[in-house]
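As structure tokens, the structure follows; a few thoughts come after it.
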Amino acid sequence: MTVLILCHFVLAACAAPLVRRLGRLAFIVLALPPAATTVWAFTEWGTAAAGGSVGWSWEWIGTYDVWLALRLDALAELMVLLAAGVGTLVLLYCASYFTDGSPRLGPFAGNLLAFTGAMLALVLADDLISLYVFWELTTVFSYLLIGHGSEQKKNRRSALQALTVTTLGGLAMLVGFLILGQAAGTYRISAIVADPPEPTLAVSTAVALVLCGALSKSAIWPFSLWLPNAMAAPTPVSAYLHAAAMVKAGVYLVARLAPAFADVPLWRPVVLVLGGATMLLGGWRALRLHDLKLVLAYGTVSQLGFLLVLAGAGNRNAALAAVAMILAHALFKAALFLVTGIVDHAAGSRDLRVLSGLGRSLPHVCAVGVLAAASMAALPPFLGFAAKEAALDALLHGGTADRWTLAVVVLGSVLTVAYTLRFVWGAFARKPGVADTPVHRTGAALLAPPAVLALAGLVLGPGVGWTERLFAAYADVFPAPAHPYHLALWHGFGTALLLSAVTWAGGAVLFAARGTVTRLSRRVAWPTADSVFGHLLLGLERLALQLTGFVQRGSLSGYLAITLTVMLAGQLAVLVTDHPWRGAVAPRVWDVPLQGAVALLTCAAALSCLTVSRRMKAVVLAGLTGYGAALLFVVQGAPDLALTQFCVETVSMIVFVLVLRRLPVRFEESIGNWRRALRIPVALGAAATVGVAVWAAGAARVAEPAGAAMVEEVAHHGLKDVVATILVDLRAWDTMGESAVLAAAAIGVTSLIYLHRRSEASMNAEELRGETAWTLSGRRLTGLPQGDDTAPERSWLAAGATLAPEHRSVVFEVVGRLLFPPVLVLSLYLLFCAENMPGGGFVAGLVAGLALITRYLAGGRFELAEAAPLQPGLFTGLGLFVSTAVALGGLAEGTVLHAWTYHGHLPVFGDYHLSTSVLFDFGVYLLVLGVVLDIVRALGAKVDRQIERAAGVLAPATGPGTGEPPR
């Protein structure tokens, strides 16, 4: 089963090239994975019907007992057949529905097939966390499918609405899953159903949260608004997602968990009340709409409410009726959506007020539509009738709540018959005063998929007994009633048949009085859920705008003051309330007096920042505070931290200086004496509070420090540098996450500089027609020799010819050129010595970046291009790739990021060993180097280029590779 699911995603990734090569016929190829899954599911029918199961599992997160587990039992068998079988027919339908020239057909095909794979994984998942992952995958793919026609505002809004509603429900469901897993001691669904936890308050809360996710996914009121709007999607999407697959996920989840939690006090009231209300509201709304797809959409909402009632009723007979109705609904509703697509395709309209005479012009389509509609109206001998009889009988012989629910179901069934007749009449009948709608003929290939589904509903009516064993294998999980129900087409004359006759007669009366019913429904119509959702979003946007305008006033110092004040208030509240200093060891002022001296100088530099008005002075003083912190690390005996701090502070100061070229010399914000008098105590108070909090946290430690254990673990592997080993081995997950964040942050910041393209293909001296940016920005000195009088006799830089002679420094050029190779070698030394000496990939990457920065400072942007001709993104991407590859390579030993060491012998060098931690660190090295290079190119070379272009000394851009728009 795992291979079949993976085939869906692999072929989905190849959908775009397949469509480009084969056109719409690519859908036939894409239908192969779901078709193979359908065949496989039929081969497992006997095992599932006998109460057995087929499973597969792989440990995912062993620490938290999370597994990627799949399990095929009776309920999963039914859902797999629906998801794969209907998916196959829909994909074949797409091959005739679309044309080769349909826009974005490749991505659509890939998303549809990927959704099928995600849906199959969802119904097969036997782990709560795995189920949530696939649950959200279906949400994402449905968003892409609904928004397929993204050029239209309606499609974008509908897709975003569906994503918002279902994602919010999914997040609530995730919290419920976590609580359930903790309460049950396992996340394995089969184990939780077999031995559910006690219904405590926590479990009841978890059940409520899980139901929120299920209700939002299956469009149950009050979450039903998204499904009708999702009809903006192409008809095949509606036929699959909104009839047989996605909307069934919530019902499936309720049916899966009902054996374990139906007795939780809030389960039945929520399921029965909301399910019944949804059935009535959806059916009533369908009676006054004129779009055939919307009639079916609200009918689907109504039917989903009915399915939820049966799946969550919590008894054996209702569960048996639920699975039978799930099958019947998928068959007739998918067929009706596909028929609607054919009508729209042939007549160019879905408005039942315009359509007329299609029953005669499209007789075969009409026949298929009538067959499917008859099953939806629960007419014998269709499967819909057999399933509805089972449902009525189950509720009829239930308790008091079931009897009340029965009344609601009967009334809802009356509405179902009425809107079914309205659909058939609107689509195919000849209407008085309306000319016959001209149509063009459709091929048999387009009609075959809905015909198969409609005929299946007809055949399975008399043959419903064939499904008895499979459906009973699921239903028998519930306690056995005194008189278990058996599926059959005919149970004789009885109350259930009488109630069915009442629904047929009532529905016919409502349809006959359709004009009066429509006027009445419009007169008593309340605001739609979609309108309420829109007003809520509008109110939220207005509130956010007002709040943003109140808080975001453009003062960075004001933002910092607010942040510090809030932090100060929170920390003081905790300190005053808990008194954590009681019994704590008094802090030492310093370990050695040198620490106090360094700290005093650092504080003096920080306080001096408050008195300066020039930006450059502020940057230098702020840099001194960073260097002071590095000196404290040196005194404390932390060379790794000190080395990293020195490198980071140096790079930061250079970046600041590069940015200051585009900013005024002085701070523009005027600060009055009273504001300065207010800020100083806030800053000092925040610093003191943080210091006390850090001291209290350290003094409150009761467990043994982990440092000794880490030192021992590092020594056990023959290593010495504990810090580096922690970063690349013991806490490598943290480093992975931080590396990804660093790359994303750098790309985001530098992208603000590159307004057009990030490429700099024209970084060559030929484009320069005048002076460089540094010459333009520098002040010429009078009274001194100019030009060649001061020029060095030879060029020490690759791009030295681009510099104005009076702005060249032979000392800097010589030092920069001579130190560049040794600094690069030093960076490699720091990389490979990290196991036993201070160093590591991060600091090594910074050192290599400083070498490139030196070349840039000595020779400008052309020198940087000569020193680093490759794009920064190559280093960043390659670094992430190497680190990720090393992490995934650990799977060979059973877990991600598992470290291993290879020992070998070389003739000249002797014994050596190669560890995956070094390779992982090499990925960090490349990533940091790419980030530094990207920042220097953006804030240095790119800004230089902008200055030169503004001065008119650059040749006009002539090609797409210049990185600038043509002027």
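Note that our numbering gives residue 650 to position 83 of the sequence shown, counting from 1, and the numbers run on in steps of one. Positions of the beta carbon are idealized from the N, C-alpha and C atoms, including for glycine. Source: prediction; values computed, not measured.
- Annotation for Trp623: the continuous beta strand (DSSP E) segment containing it runs 621 to 628.
- Considering only Asp667, Leu1198, Ala864, Gly1406, the residue with the shortest C-alpha distance to Arg588 is Asp667.
- Per the coordinates, the alpha-carbon of Ala902 lies some 6 angstroms from the alpha-carbon of Ala1021.
- For Thr753, there is no enclosing beta strand (DSSP E), as DSSP marks it with neither H nor E.
- Excluding residues up to 5 positions away in sequence, Ala985, Leu988, Arg989 lie with their Cβ nearer than 7 angstroms to the Cβ of Phe1078 in the same chain.
- If you look at Leu637, you'll find it in the beta strand (DSSP E) that goes 633 to 639.
- About 16 angstroms separates the beta carbons of Ile893 and Thr845, which is beyond the 8 angstroms limit, so they are not a contact pair.
- A contact between stretches requires three or more CB pairs, one per stretch, nearer than 8 angstroms, and the region 826 to 842 meets this requirement with the region 876 to 884.
- In the DSSP assignment, Leu894 falls within the alpha helix (DSSP H) that extends over 883 to 914.
- Counting the other Cβ atoms within 10 Å of the Cβ of Phe1487 gives 16 or more, which makes it buried.
- The C-beta distance from Gln1212 to Ala1196 rounds to 6 angstroms, short enough to fall under 8 angstroms.
- Under the three-state reduction of DSSP, Tyr807 is assigned to helix.
- Where Leu1473 is concerned, the enclosing beta strand (DSSP E) starts and stops at 1468 to 1473.
- Between the C-alpha atoms of Phe1045 and Thr867 there is a straight-line separation of about 27 angstroms.
- Secondary structure at Tyr1052: coil, using DSSP grouped into helix, strand and coil.
- Annotation: Trp607 to Leu592 spans about 24 angstroms, alpha carbon to alpha carbon.
- Nearest to Ala940 by alpha-carbon distance, out of Leu863, Val1218, Ala889, is Leu863.
- Here Leu1364 carries a coil assignment [DSSP, helix/strand/coil].
- Judged by DSSP secondary structure, Phe675 falls within the alpha helix (DSSP H) whose first and last residues are 672 to 691.
- The region 980 to 1039 contains, as complete alpha helix (DSSP H) runs of 4+ residues, the segments 1011 to 1026 (chain order).
- In the pairwise beta carbon analysis, the region 766 to 785 is classified as touching the region 804 to 824: at least three pairs are separated by under 8 angstroms.
- Of the other Cβ atoms in all chains shown, fewer than 16 fall within 10 Å of the Cβ of Val1261; this residue is therefore exposed.
- With a contact defined as Cβ atoms closer than 8 angstroms, Ile746 and Thr753 miss out at about 13 angstroms.
- Counting only residues of its own chain and dropping the five nearest sequence neighbours on each side, Lys998 has a CB closer than 7 angstroms to the CB of Ser923.
- About 11 angstroms separates the Cβ atoms of Val633 and Trp625, ruling out a contact at the 8 angstroms cut-off.
- In this structure the region 1013 to 1028 touches the region 930 to 939; the number of beta carbon pairs closer than 8 angstroms is three or more.
- In this structure Val876 is in contact with Val838, their Cβ atoms being roughly 7 angstroms apart against a cut-off of 8 angstroms.
- The DSSP-derived three-state label of Gly1477 is strand.
- Around the C-beta of Pro670, fewer than 16 other C-beta atoms lie within 10 Å, and the residue is accordingly described as exposed.
- Assigned with DSSP and collapsed to three states, Arg1298 falls in coil, not helix or strand.
- Listed in chain order, the beta strand (DSSP E) elements of length 3 or more contained wholly in the region 1102 to 1179 amount to none.
- Ranking Ala799, Thr1256, Thr733 by CA distance to the CA of Leu712 puts Ala799 first.
- Ser1482 sits in a strand when the DSSP states are folded into three classes.
- With a cutoff of 7 angstroms on beta-carbon distance, Val1289 and Gly1416 are scored as not near each other.
- The beta carbons of Thr1062 and Leu963 sit closer together than 7 angstroms.
- Per the Cβ contact rule, the region 733 to 741 is in contact with the region 694 to 703 (3 or more Cβ pairs under 8 angstroms).
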